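Q:
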Amino acid sequence: MHAQRTEQAADLRRLDNTHVWHPFAPMTAYREEGAPIIERGEGFHLFDVEGRRYLDGISSLWCNVHGHHVPEIDAAVRAQLDRVAHTTLLGLASTPSIELAQQLVERTPRGLTKVFFSDSGATAVEAALKIAFQYHRQRPGGSDERNLFATVRGAYHGDTIGSVSVGSIELFHRVYGKLLFETVSVPSPSGFRFPLGMTQSDYYAHCLDELERVISTHARRLAAFVMEPLVQGAAGILVHPPGYLSRVRQLTTDYGVPLIADEVAVGFGRTGTLFACEQEDVSPDILCLGKGLTGGYLPVAATLATDEIFDAFLGDPSEGRTFFHGHTYTGNPLGCAAAIASLALFEKNRVLENVAASSKLLAGRLRQLADHPHVAEVRQRGVMVGIELVQDRMSGRPFDARLRMGHQVTLAARKRGVILRPLGDVVVLMPAPAMPQELVTTLCDVAFEAINEATRAAAN
Ligand SMILES: *Cc1c(COP(=O)(O)O)cnc(C)c1O
1 MHAQRTEQAA
11 DLRRLDNTHV
21 WHPFAPMTAY
31 REEGAPIIER
41 GEGFHLFDVE
51 GRRYLDGISS
61 LWCNVHGHHV
71 PEIDAAVRAQ
81 LDRVAHTTLL
91 GLASTPSIEL
101 AQQLVERTPR
111 GLTKVFFSDS
121 GATAVEAALK
131 IAFQYHRQRP
141 GGSDERNLFA
151 TVRGAYHGDT
161 IGSVSVGSIE
171 LFHRVYGKLL
181 FETVSVPSPS
191 GFRFPLGMTQ
201 SDYYAHCLDE
211 LERVISTHAR
221 RLAAFVMEPL
231 VQGAAGILVH
241 PPGYLSRVRQ
251 LTTDYGVPLI
261 ADEVAVGFGR
271 TGTLFACEQE
281 DVSPDILCLG
291 KGLTGGYLPV
301 AATLATDEIF
311 DAFLGDPSEG
321 RTFFHGHTYT
331 GNPLGCAAAI
341 ASLALFEKNR
351 VLENVAASSK
361 LLAGRLRQLA
371 DHPHVAEVRQ
381 RGVMVGIELV
391 QDRMSGRPFD
401 ARLRMGHQVT
411 LAARKRGVIL
421 RPLGDVVVLM
431 PAPAMPQELV
441 TTLCDVAFEA
451 INEATRAAAN
């Protein structure tokens with residue numbers, strides 16, 4: 001039996017290496033190392049074709065909420081499957097998309113009343129950018145000069161060209177720079193390497209000054225200010241100081257610039273509230289949702305907007321005020337059914353209370369890393385954690401990039417039955433919002449052992 005499974009796994013691996021081009025994977029290294037071939041999931045664990053069990057320590061890339069193979073969500077998807085798997089929203093409506101839109105409007109910050117569905121975080125952002133751009137051209141007293149987007153440095157908003165344009169992960173801009181449109185940016189208010197001579201509070205004051213300077217200087221040309229509220233995820237789990245988000249909202253309101261909040265990563269409980277904007281009582285003009293929207297089951301995303309924005313798209317069809325945008329699988333009924341079931345589970349299983357308990361547990365456990373010789377900084381908000389590894393804690397000198405230290409930690413954790421995925425040398429812990437504390441404890445135990453093993457090996 002075991003030999004048979006091993007042989008089957010070897011065949012699959014060969015085919016994976018022959019035919020599957022993995023996202024964000026240096027394929028030469030990937031093919032040498034291989035990766036677990038996942039066959040099924042149960043609760044917060046994944047099982048590979050050889051029968052090995054792994055704890056899903058990154059919520060299957062930040063989207064899983066209630067675990068895998070959840071009876072209520074499975075039943076909702078099956079019930080929808082018995083009706084119809086997919087019908088279009090181009091010229092037709094569908095029961096699950098109507099119900100989901102209404103529920104999202106009920107739960108998201110006030111003022112957001114219209115829901116535009118798509119199928120990934122990047123497309124939710126892409127739609128938001130085009131909506132903002134077109135809105136200014138069509139609103140009463142509008143302007144054709146509003147073609148510039150303001151962003152926060154280090155931001156990540158997805159991989160389509162518009163989303164990459166408003167992101168500022170340096171590597172992507174180096175490769176795709178010529179394809180991207182122009183933006184202006186403000187410094188991220190989170191960091192531990194400050195410009196020479198600046199203390200943390202000097203740096204934050206500088207960030208607030210820059211925020212006001214950039215918004216006021218470019219106000220007449222800004223189509224929107226785009227940001228990830230509270231936590232910049234892919235930048236390395238950069239946690240913003242309290243008050244930053246509400247300051248952005250205040251300035252964008254004062255200068256008449258729409259605010260696009262990208263809650264693709266932080267939405268659906270990960271920072272402690274259902275939506276991150278709630279924590280600073282902020283209502284954006286446009287809100288992007290993805291990842292956890294379906295509980296991590298199916299690719300559905302949403303872009304929500306206010307009536308004021310939506311109304312600029314109304315008029316006689318011949319006026320051409322239509323939003324000319326859509327995707328084939330927009331508002332997929334199976335995905336919408338999963339999302340509705342996921343929202344019900346938030347209440348039934350008191351998921352936000354579980355997030356509060358896990359956040360507290362994580363904060364306590366992470367203190368153990370306070371004087372680790374290779375940990376420069378630990379950042380946490382809710383159940384989002386980034387542990388920044390460095391060669392030398394005192395000077396903050398990074399590890400040689402060729403060591404792929406974050407990746408070494410992933411490999412060490414994998415041997416111990418835990419799936420992690422780093423952001424460079426930032427080890428990310430992203431337990432699902434519904435993960436029980438007992439498993440969060442295991443996640444910490446294994447991650448810390450893996451950090452010790454990988455950094456010790458590099459020190460020798
Ligand atoms: C992951 C992510 C996206 C992109 O979502 P995809 O579904 O991968 O396209 C956009 N914005 C943020 C903040 C994200 O974390």
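With this note's numbering applied, the sequence shown corresponds to residues 1 to 460, in that order. A virtual CB, placed ideally from N, CA and C, is assigned to each residue, including glycine. All of these numbers come straight from a predicted model, not from anything done at the bench.
Less than 8 Å between the beta carbons of D466 and E388, yes or no?
A: The structure shown does not extend to residue 466, since the chain is modelled only from 1 through 460, so no value can be given for it.
Q: Considering only heavy atoms of ligand 1, does any lie closer than 7 Å to the CB of V166?
A: Flag unset: Cβ of V166 not near ligand 1.
Q: Spatial neighbours of T160 within its chain, please: CB distance less than 7 Å, with the 5 preceding and 5 following residues excluded, ordered by chain position.
A: So the qualifying residues of the chain are A122, T123, E126.
Q: Beta carbon of H218: closer than 7 Å to some heavy atom of ligand 1?
A: It does not: the Cβ of H218 is nowhere closer than 7 Å to a heavy atom of ligand 1.
Q: Among all the DSSP beta bridges, which residues are the ones paired with F313?
A: Beta-bridge pairing links F313 to no other residue.
Q: Looking at the unbroken beta strand (DSSP E) that takes in R40, where does it start and where does it end?
A: From DSSP, the beta strand (DSSP E) with R40 extends over 38 to 42.
Q: Quick check on the DSSP output: what are the complete alpha helix (DSSP H) runs of length 4 or more inside the stretch 326 to 389, in order along the chain?
A: 333 to 348, 351 to 366, all fully within the stretch 326 to 389.
Q: Please report the straight-line C-alpha distance between S359 and G233, rounded to a whole angstrom.
A: For S359 and G233, the distance between alpha carbons rounds to 17 Å.
Q: How would you call E182, buried or exposed, if buried means at least 16 neighbouring beta carbons within 10 angstroms?
A: Exposed, since its Cβ has fewer than 16 Cβ neighbours within 10 Å.
Q: State yes or no: is the C-beta of A412 within less than 8 Å of the C-beta of V427?
A: In this structure, V427 does not lie closer than 8 Å to A412 by Cβ.
Q: Contact check, L245 vs R146 under 8 Å by CB: the rounded distance?
A: The Cβ separation is near 23 Å, so there is no contact.
Q: Run through DSSP, which three-state label would I215 get?
A: Of the three classes helix, strand and coil, the one that applies to I215 here is helix, per DSSP.
Q: Flag this pair as yes or no: are the beta carbons of I451 and V418 separated by less than 8 Å?
A: No, the Cβ-Cβ distance between I451 and V418 is not below 8 Å.
Q: Around the C-beta of Q200, are 16 or more other C-beta atoms found within 10 angstroms, so that it is buried, or is it exposed?
A: Per the 10 Å Cβ criterion, exposed.
Q: What's the call for S342, buried or exposed, on a 16-neighbour Cβ count within 10 Å?
A: S342 should be labelled buried.
Q: Take every Cβ of the stretch 330 to 339, pair it with every Cβ of the stretch 132 to 146, and state whether three or more of those distances are shorter than 8 Å.
A: With a cut-off of 8 Å, the stretch 132 to 146 and the stretch 330 to 339 do not count as touching, because too few Cβ pairs lie within range.
Q: Please specify which runs of the beta strand (DSSP E), each continuous and at least 3 residues long, are wholly inside the stretch 127 to 163, giving them in chain order.
A: Qualifying beta strand (DSSP E) stretches, in chain order: 148 to 152.
Q: Does the distance from the CB of P258 to the CB of A132 come in under 8 Å?
A: Cβ distance < 8 Å, so P258 and A132 count as in contact.
Q: Buried or exposed: where does S188 fall if 16 or more other Cβ atoms within 10 Å of its Cβ makes it buried?
A: With 16 or more other Cβ atoms within 10 Å, it is buried.
Q: Is DSSP giving M227 helix, strand or coil here?
A: Reduced to three states, the DSSP call for M227 is strand.
Q: In chain order, what residues of the same chain have a beta carbon less than 7 Å from the beta carbon of E449, not counting five sequence neighbours either side?
A: Result list for E449: R416, in chain order.
Q: Is the beta carbon of A459 less than 8 Å from the beta carbon of L403?
A: Their beta carbons are not under 8 Å apart, which means A459 does not touch L403 by this criterion.
Q: Does G335 get closer than 8 Å to chain C when you measure Cβ to Cβ?
A: Absent here is chain C; the protein component of the structure consists of one chain.
Q: Report the rounded CA-to-CA distance for A312 versus L420, giving the unit in angstroms.
A: When rounded, the distance between both Cα atoms is 45 Å.
Q: Using a Cβ-based criterion (distance less than 7 Å to any ligand heavy atom), does D74 qualify as near ligand 1?
A: False, no ligand heavy atom lies under 7 Å from that Cβ.
Q: With G158 and S185 assumed to form a contact (beta carbons below 8 Å), what rounded beta-carbon distance in angstroms separates them?
A: With a Cβ gap of about 17 Å, G158 and S185 do not count as contacting.
Q: Would you decide whether M198 is buried or exposed? Buried here means 16 or more other CB atoms lie within 10 Å of its CB.
A: So M198 counts as exposed.
Q: Evaluate Y176 with the Cβ neighbour count: other Cβ atoms within 10 Å of its Cβ, from every protein chain shown; 16 or more gives buried, anything less gives exposed.
A: That one is exposed.
Q: Is S188 close to ligand 1? I mean its beta-carbon at under 7 Å from any heavy atom of the ligand.
A: No, ligand 1 has no heavy atom inside 7 Å of this Cβ.
Q: Rounded to a whole number of angstroms, what is the C-alpha to C-alpha distance between L112 and S216?
A: The straight-line gap from Cα to Cα measures roughly 25 Å.
Q: In chain order, which beta strand (DSSP E) runs of at least 3 residues are fully inside the stretch 157 to 209?
A: Runs found: 183 to 186.
Q: Look at the alpha carbon of R14 and the alpha carbon of G51, and state the distance between them as a whole number of angstroms.
A: Cα to Cα, the separation comes out at about 18 Å.
Q: Going by DSSP, what residue range makes up the alpha helix (DSSP H) through D461?
A: Since the displayed the chain opens at 1 and closes at 460, residue 461 lies outside it and no answer follows.
Q: Since I believe L289 is in contact with V248 (beta carbons under 8 Å), could you give me their beta-carbon distance rounded to a whole number of angstroms?
A: In fact, because the Cβ distance is near 19 Å, the residues do not count as touching under 8 Å.
Q: Count the other CB atoms within 10 Å of the CB of W62; is the residue buried (16 or more) or exposed (fewer)?
A: Classification for W62: buried.
Q: With DSSP as the reference, label Y297 as helix, strand or coil.
A: Looking at Y297 - three-state DSSP - the assignment turns out to be coil, as it is neither helix nor strand.
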